[in-house]
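Q: Following this message is one structure expressed as C-alpha cells.
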Amino acid sequence: MTQLQLFDSVAMRWNAGRSTYRPAQEPIDTSRFFVERVREALAREFVVTHHYSRSFPAAIACYGLMERVGPHQTRLSGVAVFSVSMQPRAADAYGATGEAFCELGRFVLLDDVAGNGETFFLARAIRQLGIDKAGPDGRAKYKLCLAYSDPVPRTDIKGNVTLTGHIGRIYASASAAYCGRSSSRTLWLAPDGTSLSQRALSKLRSDDTGARYAYEMLIGHGAPPIGPGEPSRAYVRRALREGPFRRLHHPGNHAYILPCGTHSDRSRVRKLVDKGLPRPRTTDPLRA
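Taking UniProt numbering, the leading residue of the sequence shown gets 1, the next gets one more, and so forth.
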C-alpha cells in the first residue's frame, strides 16, 4: 500500500491531545448516535481536553456527537464548534465576497468512533446550524462554512510528534470546494508542541478583553512575568524572545468551503468558490 493509499484509507481521531487513526470506511452504527446542540462550557472542556491545540475559538454554536451507551445514558463522543473568523473578510479571498460565513473552528471525535462517523456528524451539525442560526428571512444565516486542514506536523521540545498533519480528506468526502492555501505565517510553538493562539496574543498586546487569560497562558508555558510598568506590547515581544518558545514558518493551511443553507444557496455559493483545483495529496512536498 502506498503512502497516498494509506492516508486516504484512514480518518484522524483525538484523545487527550494525541492524534490517532481509524479505517476511513469503517461503518458507524447510526442507531447508536445522534447530534444535538451542546452548551459552550461542555464543548470547551471537551475540546481543550482532547484537541492538540488545547484551545477554544470564539464560538457561534457548538454541537455534540452523542452516543447511546445504555438505557437513558449518553456519552459525548465528539464536538463541532462553528466559530467567528479571525479575518472578517476571509471568504473574500476565495470568491465569496460579501457572503455571510463562519468557520469550523474545531472538529474533534474520540478515537473509538468509527471511521465514517466524521461524515455522519459533520452533515448533521451543518444542517442544524442552518436551523439554529437563521436570518430575518428564516433561511440559514451563514451561506458557507470555511474549514481548514493543517498539513504541517508538530513536535514537542523533545522531538515527540504531537500532530502528524492532515490534508482535509473529510472535507473532500463532504463535497467541499477546495480553495487552495491560506496565507503563510509564523507560528510560535510552546514546549509541548501547541501553537500559541494569535488571537490571545493580540488581546494581550492591546489589553483587550481576554488579556488576562492570554497572560496566564504564556506564564503557564514558561514565559517570564511582566515587569512593573512594562507595556503589554513590549512584554509580548520579550516573552516570546526570552521564553521557551520556538518559531515555525507555516506555509498556510489547506482551505475548504462547505456551502450551507438551501439547495439554491449551496448551488450559488459553489459556483462562486469552486475553481476546480485538485485536492491536495500526501505527496505534497510539505508532507515530506
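All residues carry an ideal CB built from backbone N, CA and C; glycine is no exception.
Is the beta carbon of Glu-118 sitting closer than 8 Å to the one on Leu-109?
A: A distance below 8 Å separates the beta carbons of Glu-118 and Leu-109.
Q: I'd like the span of the alpha helix (DSSP H) that includes Val-273, first residue to last.
A: 263-273
Q: Can you tell me the Cα-Cα spacing of Phe-82 and Gln-128, whole angstroms?
A: 11 Å
Q: What are the boundary residues of the beta strand (DSSP E) that Gly-130 is part of?
A: No beta strand (DSSP E) holds Gly-130; the alpha helix (DSSP H) holding it covers 117-132.
Q: Is there at least one non-hydrogen atom of the ligand MN closer than 7 Å to the beta-carbon of Ala-100?
A: In the structure shown, the ligand MN is absent, as is every other ligand, since no ligand is present at all.
Q: Just list the beta strand (DSSP E) runs in the segment 123-191, keeping only unbroken ones of 3 residues or longer that don't cross its boundaries, in chain order.
A: Runs of the beta strand (DSSP E) inside the segment 123-191: 144-149, 161-163, 177-181 and 185-189.
Q: Using a Cβ-Cβ cutoff of less than 8 Å, which residues in the same chain neighbour Cys-260 once the five nearest sequence positions on both sides are dropped?
A: Ile-126, Leu-129, Gly-130, Ala-140, Tyr-142, Lys-143, Leu-144, Cys-145, Arg-266 and Val-269
Q: Can you grab the Cα-Cα spacing for the pair Asp-192 / Arg-39, in whole Å?
A: 28 Å
Q: Going by other Cβ atoms of all chains shown within 10 Å of its Cβ, with 16 needed for buried, is Lys-271 buried or exposed?
A: The residue is exposed, with fewer than 16 neighbouring Cβ atoms inside 10 Å.
Q: Starting from the C-beta of Ile-226, find all residues in its chain whose C-beta is less than 6 Å away, skip the five residues before and the five after it, and write them out in chain order.
A: The residues are Tyr-235.
Q: State the Cα-Cα distance for the pair Gly-70 and Phe-33, rounded to the nearest angstrom.
A: 12 Å
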